[in-house]
Amino acid sequence: MKKKTIAVAAVVALIMAALLIGIIFTDSDKESADISETMQDAVLHENDKIDFFGLEVNPGFISALIVSAAIIAFAAIVRIFVIPRFKLKPGKFQMFLECIVSFFDGIAKQNSPHKNGFLGAYVFAAGIYIFVSTLFELIGIQWISVGGGSVTLGAPLSDINAAIALGFLSYFVILIGGIAANGLRGVGRTLKDFSLPISMSFRLFGALLSGLLVTELVYHYMALSFVLPVLVAVLFTLLHALIQTYVLIMLTSLFYGEVSEPHVKKQKNKNKKTETAVSE
Amino acid sequence: MPLNIDWQQILLHLFNFCILALLLYFLLYKPVKKFMAKRSAFYEEQAKNAEDKLREAEELKNNYSARLENVDLEIDKKRNAVLHEAAEYREKRIGEAEAEAEALIEKARRDAKRERAKIIDGAGKEIADMVGAAAEKLVLGSTDAAYEAFLSAAEKSVEEDDENK
Chain P
15 MKKKTIAVAA
25 VVALIMAALL
35 IGIIFTDSDK
45 ESADISETMQ
55 DAVLHENDKI
65 DFFGLEVNPG
75 FISALIVSAA
85 IIAFAAIVRI
95 FVIPRFKLKP
105 GKFQMFLECI
115 VSFFDGIAKQ
125 NSPHKNGFLG
135 AYVFAAGIYI
145 FVSTLFELIG
155 IQWISVGGGS
165 VTLGAPLSDI
175 NAAIALGFLS
185 YFVILIGGIA
195 ANGLRGVGRT
205 LKDFSLPISM
215 SFRLFGALLS
225 GLLVTELVYH
235 YMALSFVLPV
245 LVAVLFTLLH
255 ALIQTYVLIM
265 LTSLFYGEVS
275 EPHVKKQKNK
285 NKKTETAVSE
Chain C
7 MPLNIDWQQI
17 LLHLFNFCIL
27 ALLLYFLLYK
37 PVKKFMAKRS
47 AFYEEQAKNA
57 EDKLREAEEL
67 KNNYSARLEN
77 VDLEIDKKRN
87 AVLHEAAEYR
97 EKRIGEAEAE
107 AEALIEKARR
117 DAKRERAKII
127 DGAGKEIADM
137 VGAAAEKLVL
147 GSTDAAYEAF
157 LSAAEKSVEE
167 DDENK
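Quick mapping for you: the protein sequence lines, in order, are chains P and C.
Following the numbering used here, the numbering of the first sequence begins with 15 at its first residue and continues without gaps.
Following the numbering used here, the numbering of the second sequence begins with 7 at its first residue and continues without gaps.
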C-alpha cells in the first residue's frame with residue numbers, strides 16, 4: 015500500500031514539475047499570435063496542399079490512401095494466411111475477426127431486418143475505415159507540402175472533402191436500399207430526409223475536426239506539451255474513433271432499415287366499415 | 007468553394023473508399039461470413055442429427071414399453087386358450103371312455119345272456135335225453151341197470167357243465 019502511494023505521489027510530482035517547466039520556459043505571447051493561423055490551416059488546408067501526380071490535394075487524401083493501403087494489405091494477409099486455417103473451435107485472432115464481422119453484421123440485421131446483405135458489407139467497410147483512419151492521426155506521419163514545408167498527416171475525415179464523400183455515399187447507400195426494397199416509395203422515403211447527407215458529413219467532419227483542433231491546441235503550446243498529450247491524443251482519439259464509427263454506422267443502418275421497411279397498406283376505411291356494420 | 011470543399015477531392019475520396027470497401031468485402035467480410043455460416047450449418051446439422059437420434063430412441067423405448075405391457079396380456083390369453091383346449095380334450099376323452107365302457111358292458115351283458123340261454127337250452131335237452139333214457143330203461147325192465155345208467159348219465163352231464171363253465 016505504501017509503495018503504491020509513493021509511486022502515485024512521484025508520478026503526480028513529475029507531472030506538476032513538467033507543467034511548471036513548460037510554463038516557465040515558454041513565451042505565450044508569441045505562440046498565441048500563430049494559433050489562429052494553425053487552426054485555420056487545420057480546417058482549410060490552404061497552405062499545406064500536397065502534390066499527388068500533378069494534382070494538389072489536401073493532406074487528408076494522402077492519409078486516406080495510406081490508411082486504405084494498410085487496411086487492404088492487412089486484409090490480404092489475413093485472407094491468404096489466416097482464413098484458410100480457420101478452425102471450428104476458433105483461436106484468439108479468429109475470434110477477433112469473427113467478432114468484428116459479427117458486430118457490423120449484427121448492427122445491420124438489428125436495424126434493418128428486411129434487407130441487410132449489402133448494408134452489412136457497407137457498414138463493415140465504413141466502420142473499419144473510420145476507426146482506423148481516426149487512429150491514424152496518432153502516428154503523425156510527416157509529408158512535404160507543395161510549398162516545401164512539412165505537413166503532419168491527420169485523420170482523413172478531418173478533411174471536409176472526405177467527410178462529405180462518406181456522408182453522401184452513406185446517403186446513396188440508403189437510397190439504393192430504399193429503391194431495392196420499395197421502389198419509388200423507397201426513393202420518396204429517402205428524399206424525405208434530404209438533410210441527412212449534409213448532417214452526416216458535417217457531423218463526421220465536426221467530430222474529427224474538433225479532435226484535431228484540440229490536439230493542435232495542446233501541441234501548440236509548449237507548456238501543454240508535457241505528459242498531457244499522452245492523455246489528450248491517445249484517449250481522445252481512441253474515444254472519438256469509437257464514437258464516430260458507431261454513430262455513422264448506426265445512423266446509416268437506422269435510416270436504411272427505415273426506408274427498406276416493407277410498405278403496409280392502411281386499413282382505416284375497412285375498419286370503419288366493419289365498425290359501423292357491427293354497431294348496426 | 008467555402009471551407010475548401012473541392013469536388014475533385016470528394017470524388018477522389020469516394021473512389022478510394024469504393025475500392026477499399028470492395029476489397030474488404032471480398033478479402034475479409036465475405037470469407038469470414040461464409041466460414042461462420044458454414045460452421046453454424048455444421049452445428050445445426052449436428053444438433054438436428056442428435057435430435058433425430060433422440061427421437062428414434064424415444065420411439066424405440068415407447069415401442070418396447072408397449073410390447074412389454076402387452077406381453078403379460080398375451081401370456082394370459084395363451085394360457086387360457088391352452089387350458090380351455092386341455093379341458094375340452096379331457097371332456098372328449100372321458101366321454102369316449104364312458105361310451106367305450108358302456109359298449110363293453112352292453113356286449114358283456116349280451117354275451118352272458120346268450121350264454122345263459124345256451125346253457126338253459128343245453129340242460130333241457132339233456133334232461134329230456136335222460137328222461138328218455140330212463141323211460142327206455144324202465145320200459146326195458148332192468149331197474150338197477152337203468153338206475154346206474156341214469157346216474158352215470160347225470161354225472162357226465164354235470165362234468166360237461168363244469169367244463170363248459
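Backbone N, C-alpha and C fix where the C-beta goes; we use that ideal spot for every residue, glycine too.
query: Meets three-Cβ-pair contact criterion under 8 Å: the region 144-158 of chain P and the region 72-89 of chain P; result: yes
query: Phenylalanine 66 of chain P (DSSP reduced to helix, strand or coil); result: strand
query: DSSP state of valine 160 of chain P mapped onto helix, strand, coil; result: coil
query: Beta-carbon spacing of leucine 30 of chain C, alanine 139 of chain P below 9 Å; result: yes
query: Stretch pair the region 153-166 of chain P + the region 47-62 of chain C: three plus CB contacts closer than 8 Å; result: no
query: Proximal residues, the region 90-112 of chain P versus chain C, C-beta separation under 7 Å; result: Ala90, Val92, Arg93, Ile97, Phe100, Leu102, Leu111, Glu112
query: Secondary structure of valine 137 of chain P, DSSP reduced to three states; result: helix
query: Start and end residues, alpha helix (DSSP H) containing phenylalanine 32 of chain C; result: Segment: none, phenylalanine 32 of chain C is in no alpha helix (DSSP H) and carries neither H nor E.
query: Distance cut-off 8 Å: valine 88 of chain C Cβ against heavy atoms of the ligand ATP; result: Only the bare structure without any ligand can be found here, which leaves the ligand ATP out of the picture.
query: Length of the line joining the Cα atoms of glycine 138 of chain C and alanine 129 of chain C; result: 14 Å
query: C-alpha gap between alanine 93 of chain C and valine 77 of chain C, whole angstroms; result: 24 Å
query: Cα-Cα separation between asparagine 170 of chain C and glutamate 97 of chain C, rounded to whole angstroms; result: 42 Å
query: Contact check, aspartate 119 of chain P vs lysine 40 of chain C, beta carbons under 9 Å; result: no
query: Which of helix, strand or coil DSSP assigns to valine 278 of chain P; result: coil
query: Glycine 191 of chain P versus P:Phe95, P:Phe269, P:Phe107, P:Asn175, residue with shortest Cα-Cα distance; result: P:Phe269
query: Closer than 9 Å to chain C by CB, proline 170 of chain P; result: yes
query: Closer than 9 Å at the beta carbon, the chain P residues around asparagine 10 of chain C; result: Val57, Leu58, His59, Glu60, Asn72, Asp173, Ile174, Asn175
query: Which of helix, strand or coil DSSP assigns to valine 71 of chain P; result: strand
query: Close-in-space but distant-in-sequence residues of the same chain around alanine 169 of chain P (CB under 7 Å, 5 per side omitted); result: Ser77, Ser147, Thr148, Phe150, Glu151, Leu222, Leu226
query: Alanine 53 of chain C at chain P interface by Cβ criterion, 9 Å; result: no
query: Short-range partners of chain C found in the region 114-132 of chain P, where Cβ spacing is below 9 Å; result: Ile114, Val115, Ser116, Phe118, Asp119
query: Per-residue burial, glycine 271 of chain P [other beta carbons within 10 Å of its own, 16 or more giving buried]; result: buried
query: Opening and closing residue of the alpha helix (DSSP H) in which asparagine 61 of chain P lies; result: Where asparagine 61 of chain P is concerned, there is no enclosing alpha helix (DSSP H), given that its DSSP letter is neither H nor E.
query: Per-residue burial, proline 98 of chain P [other beta carbons within 10 Å of its own, 16 or more giving buried]; result: exposed
query: Residues in the region 45-78 of chain C having any Cβ partner in chain P nearer than 9 Å; result: Arg45, Phe48, Tyr49
query: Minimum Cβ-Cβ distance from isoleucine 81 of chain C to chain P less than 9 Å; result: no
query: First and last residue of the uninterrupted alpha helix (DSSP H) at leucine 111 of chain P; result: 106-125
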